[in-house]
Amino acid sequence: MQALSNTVTNYLVLASILFAIGVMGVLVRRNIIIIFMSIELMLNAVNLLLVAFSVFHNDASSQVFVFFIMAVAAAEITVGLAILVMIYRNTGSVDINALNKLKW
Amino acid sequence: MLQLAWLIPVLPLIGFLIIGLANKKLNKTLVGIVGCGSIFLSFLIVLSLLINVLNGSIKSETLTYFNWISAGSLDIKLSFLIDPLSVTMMTIITGVGFLIHLYSAGYMSHDEGYARYFAYLNLFVFSMLILVMGSNFLVLFAGWEGVGLCSYLLIGFWFKNNDYNNAAKKAFIMNRIGDLGFLLGMLLIIVTFGSLEYSVVFEKARSFFTPGVAEPVMIAITLLLFLGATGKSAQIPLYTWLPDAMAGPTPVSALIHAATMVTAGIYMIVRSNVLFSLAPFTLDVIQIIGLTTALFAATIGLVQNDIKKVLAYSTVSQLGYMFFALGLGAYSTAIFHVATHAFFKALLFLGAGSVIHAMSGEQDIRNMGGLYKKLPITFITFIIGTLAIAGIPPFAGFFSKDEILAHAYEHSPVLWALGVVGALMTTFYMFRLVFLTFFGSFRGTEHQKSHLHESPLIMTVPLIVLAVLSVVGGFVGVPEVLGGSNFLKSFLSPVIAPINEQAGHLSHSTELILMGISVGAVLLVIAITARIYVSNKTVPAPEGSELSTPHKVLYNKYYIDEIYRTLIVKPLYWLGDIFYKVFEIKIIDNFVNAWGKGVDRGSAGLRFLQNGSISFYMIAMVIGIILILFFNTIIKF
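Residue numbers (the working numbering), protein chains in the order written: chain A, 1419 to 1522; chain B, 3 to 639.
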């Protein structure tokens, strides 16, 4: 048990690092594709955490949950990429700061 | 028949609903049939009840329909009381009401608001029946408010005229003051007796309090109830609305402001005579106010030139007599006068309506004269009504007025003398009205002269019926001295508590002498009036001419309206102005506006946060989430 909880701690740390990288990526990068990748990174950090706890608690339901998240993420990315293509066609760039017309 | 009693008020209500909801789709004939028919059917049921009460098969029945309000130990039911008093009132209301409906069908036939008029009139009869049939104070109050509403609607019936609207508002507000008193009286009854049901309240009052011992709470209850009565029945100090209420159509004045609604206050006091008899102080107040009103209004009536205004002040004066009788403890006499007054005053108003109809809307008696040739039926019936109100035997008014005066004499000859003075003034202004209207030569315009005509049959038949009633109506209360048995008094005796029986009784010779004096004086006054207005052909001075000071004061109604305006209305306006300028503008407006401005200013700065940069939004979001998590943690531990 002790050994297993150690491994969970490792997974926790890893997931946190991955999540933090994702957050930073979203915040500091201006390329929309990179931002998308960072969002995926955050999602998968959470997935990782879910799977780790699933093993730790000996409960399969959170693994089912992860499958759902992956399916939804795939759908979401499809829509997101479609929007991205439209942005590129309209503005000629994938820079997020090109989309600053909606203000005060 | 008792199982049909609920139909008595419901039929007029159905009439109101039919006419009120379908008024554009019904033609005038149909409206008239529904309007008059519903009242007539009610009248038939009332008659059958009356027969049952007269032959003794119904003594006093309470018909309970459902529980209206129950809160704690207080239970208020919707229930009707059928006893001699309520049946007497119901007979007057539906009987006279039906005649006036019939008359209205002719009088209002040219009016575009014909259907609306009948809807209101039916609603009025419904409310009035609820008022007299209720077996507790709350049902009475519901009807009381209902008739007030109908009175308002009908005074302001011709709502395009602003003066009429003001008259309607005045009536409503004056009544509201009285109603507040009535409401407080009711609450005090609940607090004292724990019920509003007549039977319970009176039973408890009899056992709680001994007669002759002044109980502050009884005095408070009765004074508050009496305040309600002064509003509804136009007594000093709340009488000024009634003369203005003449703005309504004339049949309305006859029905509401002479025969029925204004007698509601008297009915209410007679109904709760047990309470009033336990508060002799209140009876004294009623006596003084009644007599003062009777004399006061009569003096104003002496010099008025508007045919309806004279009748209006006469009504106030006669109501004063009724209250005078109540104050003397002569409850059945007051109801007797209510009944005879309903006949002859409705007759006089309808006669005046017939005159106004013939004169194409003219109401000033200075422009009339010599109408007896053109309006023979109106003339004869009007004379009968005048003789009745003047108290010439054997017309109805003689018996009721004489009974009041006899009771006054029992108390004090001074009261009797004042009562006779009032009666003489009544005689003077009524005969002045008759002589100026029907005698002499015509003083109106040529156009009016060519248009003069007797009213159609539908208007003259009610006049004739009421005239007959004004002649024979007094025979229900012929006093013993004239060989009668005062039937009405014994009929009403179950309702009126035995403690109210007058101890001292006049000897027959005294009573006959008093009658002789008052009748003789009345005849003398008629002769004087005839000399002034027929032989000498005096016509009241035209508008704007110089009048002697007393005449001017009377003509301007003692400036009471102006005094009320200065003492009450103006200060209230002034107070309202202060509230408007200080509280409304300075405090409330400023407070609300400050909030509006604060939000406006704040958002003017804050909107720069919305700068369009998605990165900035995301940073804000992340910082927000971190702060939420952070504070969550702090609060948790």
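Just so it is clear, CB atoms sit at the ideal spot from N, CA and C, and this is done for glycine as well.
So, using beta-carbon positions, are residue 99 of chain B and residue 192 of chain B closer together than 8 Å? Going by C-beta atoms, residue 99 of chain B is not nearer than 8 Å to residue 192 of chain B.
DSSP state of residue 8 of chain B mapped onto helix, strand, coil: coil
Taking Cβ-Cβ distances shorter than 8 Å, what residues in chain A pair up with residue 610 of chain B? 1522
Rounded to the nearest angstrom, what separates residue 1419 of chain A and residue 1478 of chain A at their Cα positions? Because residue 1419 of chain A carries a pLDDT of 48, less than 50, the predicted location of this residue cannot be relied on, and the following value inherits that uncertainty. Each residue's Cα considered, the two are about 18 Å apart.
So with Cβ pairs under 8 Å, would you call residue 1517 of chain A a contact of chain B? yes
Chain B partners of residue 1444 of chain A, CB-CB under 9 Å? Near residue 1444 of chain A (Cβ distances below 9 Å), the residues of chain B are 617, 620, 624.
C-beta atoms of residue 176 of chain B and residue 233 of chain B nearer than 8 Å: yes
Span separating the alpha-carbon of residue 468 of chain B from that of residue 218 of chain B: 44 Å
Pull up the CB-CB distance for residue 328 of chain B and residue 288 of chain B, whole angstroms please, since I reckon it's below 8 Å. 5 Å
Would a check of beta-carbon distances place residue 1514 of chain A closer than 8 Å to chain B? yes
Cβ neighbour criterion (16 or more within 10 Å) applied to residue 178 of chain B: Exposed, because fewer than 16 other Cβ atoms sit within 10 Å of the Cβ of residue 178 of chain B.
With distance defined between alpha-carbon atoms, name the residue in B/391, B/637, B/580 nearest to residue 528 of chain B. B/391
Go ahead and pull the three-state DSSP assignment for residue 338 of chain B. helix
Using a Cβ-Cβ cut-off of less than 9 Å, give me the residues of the segment 1457-1485 of chain A that come near chain B, in sequence order. none
Sheet register partners of residue 79 of chain B (DSSP bridge): B/69
Considering only DSSP beta bridges, list what residue 84 of chain B is partnered with. B/63
What whole-angstrom Cβ distance do residue 357 of chain B and residue 380 of chain B have, given they're in contact under 8 Å? 6 Å
Measure the C-alpha to C-alpha separation of residue 396 of chain B and residue 577 of chain B and round it to an integer number of angstroms. 55 Å
Endpoints, the alpha helix (DSSP H) within which residue 153 of chain B is located: Where residue 153 of chain B is concerned, the enclosing alpha helix (DSSP H) stretches over 139-157.
At which residues does the alpha helix (DSSP H) containing residue 450 of chain B begin and terminate? Here the alpha helix (DSSP H) through residue 450 of chain B covers 448-453.
Going along the segment 1425-1445 of chain A in order, which residues come within less than 9 Å of chain B, judged by CB to CB distance? 1441, 1444, 1445
Beta-carbon neighbours of residue 613 of chain B, restricted to chain A and to distances below 8 Å: Result: 1518, 1521, 1522.
Relative to the C-alpha of residue 135 of chain B, which residue among B/154, B/12, B/302 is closest? B/12
Would DSSP call residue 404 of chain B helix, strand or coil? In this structure, residue 404 of chain B counts as helix in the three-state DSSP scheme.
Identify whether residue 1508 of chain A lies in helix, strand or coil by the three-state DSSP scheme. Assigned with DSSP and collapsed to three states, residue 1508 of chain A falls in helix.
Reducing DSSP to helix, strand and coil, say where residue 246 of chain B ends up. helix
Expressed to the nearest angstrom, what Euclidean distance is found between the alpha-carbon atoms of residue 473 of chain B and residue 581 of chain B? Going by the C-alpha atoms only, they are around 57 Å apart.
Spatially closest choice to residue 147 of chain B from B/39, B/130, B/591, by CA coordinates: B/130
Would you identify the three-state DSSP class for residue 205 of chain B, choosing helix, strand or coil? helix
Inter-stretch contact (C-beta, 8 Å, three-pair minimum) for the segment 236-255 of chain B and the segment 197-216 of chain B: no
For residue 413 of chain B and residue 290 of chain B, I'd like the C-alpha separation in whole angstroms. 13 Å
Buried/exposed call for residue 623 of chain B, threshold 16 Cβ in 10 Å: exposed
Which same chain residues end up closer than 8 Å to residue 1451 of chain A when comparing Cβ atoms and leaving out the 5 residues on each side of it in sequence? 1502, 1512
Alpha carbon to alpha carbon, how far is residue 505 of chain B from residue 194 of chain B? Because the pLDDT of residue 505 of chain B is 47, which lies under 50, any placement of that residue in the model is unreliable, and the number read from its coordinates should be weighed accordingly. If I take the Cα positions, the gap works out to 30 Å.
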